[in-house]
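Report on the structure given below.
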């Protein structure tokens with residue numbers, strides 16, 4: 001028996017901001033869930049199970065917060081599953097929820113991811129000493145900066161590429177009412193003049209710390225026939241993991257990322273991603289990861305990713321728009337960031353992305369990664385049901 | 001469901017009060033090697049891997065990434081993680097196999113309680129605004145539940161002591177148990193619970209391999225088929241729950257098909273003697289059912305692995321031909337807030 005097709009029929013986000021002091025963690029997640037339910041014109045009673053994800057519990061200081069959040073998410077009496085796969089968790093959580101539908105275990109599933117970074121300190125949460133390994137004492141940027149330098153050295157990319165990505169994503173964010181950073185007066189020169197944090201990563205090339213949640217309602221073929229609007233359909237989804245550190249690991253283009261993309265393209269029947277995919281929501285927490293992932297995901301040959309960025313291909317009006325929503329660079333509630341990528345991809349193929357809509361988007365990729373560039377999750381969504 | 005999924009191998013560590021000499025990875029590696037040896041599968045042969053653990057026990061963010069290194073995830077593997085007991089990792093893996101995207105799965109979980117105070121650590125999983133600031137510890141909350149049961153006439157202290165004695169007597173035949181054999185009930189930990197009513201604090205790990213259909217028959221002489229599995233959660237606040245009952249366990253059992261035919265064995269995850277009383281009632285377990293022949297969580301309770309061990313112990317009895325239809329249960333959260341039930345069956349013996 002083939003798998004049940006999975007449809008995204010509801011999407012809800014909070015307005016992402018530095019600190020949501022007006023709501024508890026429960027209030028934050030409920031806001032996103034209620035928006036997703038409203039979008040789908042469904043009620044709590046229609047939900048069979050809840051799958052929730054977030055990044056480390058240290059960020060809010062609550063161990064296994066799903067226990068406390070059961071009431072707020074209408075999960076009492078239902079199955080509630082918590083996923084944690086580091087930075088890729090938002091994507092992984094959506095995929096676990098999709099599997100519940102495709103395996104026909106449940107028909108309609110609420111999936112949600114969140115982070116309320118203002119209740120703690122992510123820099124601290126990411127800087128704990130790890131026995132037997134080199135300490136990551138400067139948050140994520142300190143870990144990733146050397147790999148960016150390796151990319152620049154390997155490809156000969158000019159040092160202007162990172163600022164182009166940041167300037168593009170921040171301009172895209174101005175069109176997205178849910179985005180955290182709305183920097184109306186930002187210029188390319190200001191990005192390039194911003195302080196150097198972890199050479200070569202400048203302040204304006206890094207993601208903010210956000211409070212926010214993202215929710216989606218996934219359902220089966222019968223559920224997708226309901227009004228109000230056409231759903232996004234999942235055409236492929238995959239996760240891949242590789243070890244943190246080992247001799248021969250390619251931090252510039254991890255094999256787990258390449259394998260994950262290849263699996264998703266195989267499921268979706270994509271043979272030429274550059275031509276066949278209309279929009280990409282890519283996990284770019286530091287600007288240089290756009291050209292790096294363009295290569296890793298098969299949109300450009302090795303060493304050529306930065307050329308797409310430089311030529312404007314990834315601009316909102318370019319041939320392959322990347323992060324029309326403004327991306328992680330503009331909005332980063334860590335645990336939710338992956339799910340926002342997945343949800344924004346779905347919004348694009350539904351034609352529901354508002355001012356940051358990519359015209360005629362029919363197939364879109366949502367991408368997330370985490371850990372030491374070792375955990376990957378991706379899905380490809382389309383505007384028509386999958387065939388076969 | 002169109003695909004039959006079975007537990008085909010189970011391994012667990014020796015559970016100990018302290019494992020200062022071992023990192024988490026070193027604790028997990030032997031059980032991974034054990035299930036791989038039992039099935040002959042290598043990491044690269046396995047279609048999906050899922051683990052359960054807790055950053056709060058480890059005292060650092062992303063603690064599971066280190067264990068993944070131990071799995072040997074190269075070439076890259078299809079892998080996921082749940083921040084809870086490994087029983088839920090097994091659930092995620094079961095769903096993955098039902099989709100048809102994989103034919104085999106490795107599930108593992110581990111927890112080291114020894115580096116800190118697990119009673120204090122578990123208070124951090126309570127409502128962070130209203131409850132956690134009061135630091136009510138896990139034994140105190142269990143004692144509230146136990147007192148509610150005593151007040152309701154569902155049990156008394158001698159009955160609880162008998163559960164403790166039976167569990168630890170049964171654990172004599174379990175080489176992995178931390179507390180095998182007779183123990184004094186001891187002084188009150190928190191009234192009405194005595195130390196004997198409480199689980200040992202310890203470190204441990206477990207691993208399971210799942211496989212579908214004929215693949216399972218190739219890998220195991222008598223696979224433990226998962227006939228059904230479900231889990232349910234209740235409200236968090238203890239004030240809105242009837243602590244003498246476990247409707248989530250009953251509903252999960254019903255959805256897993258546990259009430260369709262009697263089971264002969266039940267491995268239930270009851271860290272406190274009083275919780276066995278609640279679960280027996282919710283599951284309708286009568287005197288004909290062998291309960292926790294392994295000694296259960298009262299004999300070894302490595303947090304985050306103890307639930308997966310219940311599934312593994314139940315499956316192992318089917319593998320050995322000691323059970324034909326077994327129920328396995330896992331719990332999470334204060335006072336049995338979240339519960340998972342699986343029904344396992346062996347094929348009829350000639």
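Residue numbers (the UniProt record's numbering), protein chains in the order written: chain G, 1 to 388; chain Z, 1 to 350. Even glycine gets a Cβ: it sits at the ideal position worked out from N, Cα and C. Note that the coordinates shown come from a computational prediction; the quantities given were computed from them, not determined experimentally.
Using three-state DSSP, classify residue i as helix, strand or coil.
| i | result |
| --- | --- |
| residue 23(Z) | coil |
| residue 50(Z) | strand |
| residue 282(G) | coil |
| residue 214(G) | strand |
| residue 1(Z) | Reliability of the predicted coordinates at residue 1(Z) is poor, the pLDDT of 47 falling under 50, and no value is obtained from them. |
| residue 210(Z) | strand |
| residue 225(Z) | strand |
| residue 144(Z) | helix |
| residue 332(Z) | strand |
| residue 15(G) | coil |
| residue 256(Z) | helix |
| residue 188(Z) | strand |
| residue 108(Z) | strand |
| residue 377(G) | strand |
| residue 11(Z) | strand |
Quick check on the burial criterion: 16 or more other C-beta atoms within 10 angstroms. Buried or exposed for residue i?
| i | result |
| --- | --- |
| residue 311(G) | exposed |
| residue 187(G) | exposed |
| residue 262(Z) | exposed |
| residue 64(Z) | buried |
| residue 353(Z) | No answer is possible for residue 353(Z): it lies beyond the span of chain Z, which begins at 1 and ends at 350. |
| residue 112(Z) | buried |
| residue 199(G) | exposed |
| residue 320(Z) | exposed |
| residue 265(G) | buried |
| residue 20(Z) | exposed |
| residue 191(Z) | exposed |
At a CB-CB cut-off below 7 Å, which residues of chain G make contact with residue i?
| i | result |
| --- | --- |
| residue 61(Z) | 56, 58, 125, 126 and 128 |
| residue 55(Z) | 56, 57 and 58 |
| residue 117(Z) | Simply none; closest approach about 13 Å. |
| residue 333(Z) | 67 |
| residue 96(Z) | 99 |
Cβ of residue i within 7 Å of Cβ of residue j?
| i | j | result |
| --- | --- | --- |
| residue 270(Z) | residue 246(Z) | no |
| residue 148(G) | residue 288(G) | yes |
| residue 48(G) | residue 108(G) | yes |
| residue 199(Z) | residue 314(Z) | no |
| residue 313(G) | residue 345(G) | no |
| residue 300(Z) | residue 178(Z) | yes |
| residue 366(G) | residue 341(G) | yes |
| residue 321(G) | residue 41(G) | no |
| residue 3(Z) | residue 98(Z) | yes |
| residue 9(G) | residue 98(G) | no |
| residue 389(G) | residue 45(G) | As displayed, chain G neither begins before 1 nor continues past 388, which places residue 389(G) out of reach and without an answer. |
| residue 298(G) | residue 90(G) | no |
| residue 54(G) | residue 335(G) | yes |
| residue 235(G) | residue 256(G) | no |
| residue 264(Z) | residue 325(Z) | yes |
Taking Cβ-Cβ distances shorter than 8 Å, what residues in chain Z pair up with residue i?
| i | result |
| --- | --- |
| residue 81(G) | 82, 88, 91, 92 and 231 |
| residue 244(G) | 65, 66, 68 and 69 |
| residue 71(G) | 235, 236 and 237 |
| residue 216(G) | Residues of chain Z passing the Cβ test: none, with the nearest at roughly 17 Å. |
| residue 317(G) | Result: empty, since nearest Cβ-Cβ is about 35 Å, beyond 8 Å. |
| residue 78(G) | 232 and 233 |
Given that residue i touches chain G, what residues does it touch there, using C-beta distances under 8 Å?
| i | result |
| --- | --- |
| residue 127(Z) | 68 |
| residue 378(Z) | Here chain Z has residues from 1 to 350 only, and residue 378(Z) is not among them. |
Could you name the residues of chain Z that residue i contacts, counting a contact when the two beta carbons are closer than 7 Å?
| i | result |
| --- | --- |
| residue 85(G) | 80 and 81 |
| residue 371(G) | 62 and 65 |
Against residue i, what residues of chain Z qualify as contacts under a CB-to-CB distance less than 9 Å, listed in chain order?
| i | result |
| --- | --- |
| residue 209(G) | Those within 9 Å of residue 209(G) in chain Z number zero; the least Cβ separation is about 15 Å. |
What in chain G is Cβ-close to residue i, meaning under 9 Å?
| i | result |
| --- | --- |
| residue 124(Z) | 57, 61, 62, 63 and 64 |
| residue 136(Z) | Here the premise fails: no neighbours, minimum Cβ distance about 13 Å. |
Got a sec: does the ligand NAD put a non-hydrogen atom nearer than 6 Å to the Cβ of residue i?
| i | result |
| --- | --- |
| residue 234(G) | Among the components modelled here there is no ligand, and therefore nothing to report on the ligand NAD. |
Practice item. Would you check if the region 229-249 of chain G and the region 72-91 of chain Z touch, i.e. whether three or more CB-CB distances between them fall below 8 Å? Key: yes
Point to revise | contact_flag[the region 28-41 of chain Z, the region 380-387 of chain G] where n(CB pairs < 8 Å) is 3 or more | key: no
**Study point:** Segment contact, 8 Å Cβ cut-off, at least three pairs: the region 156-176 of chain G with the region 72-80 of chain G
**Key:** no
Exercise for review: Closer than 7 Å, Cβ to Cβ, to anything on chain C: give me those residues from the region 250-271 of chain G, in chain order.
Suggested key: This model lacks chain C altogether, as its protein chains are G and Z.
**Study point:** the region 110-128 of chain Z contacting the region 193-209 of chain Z, beta-carbon criterion three pairs below 8 Å
**Key:** yes
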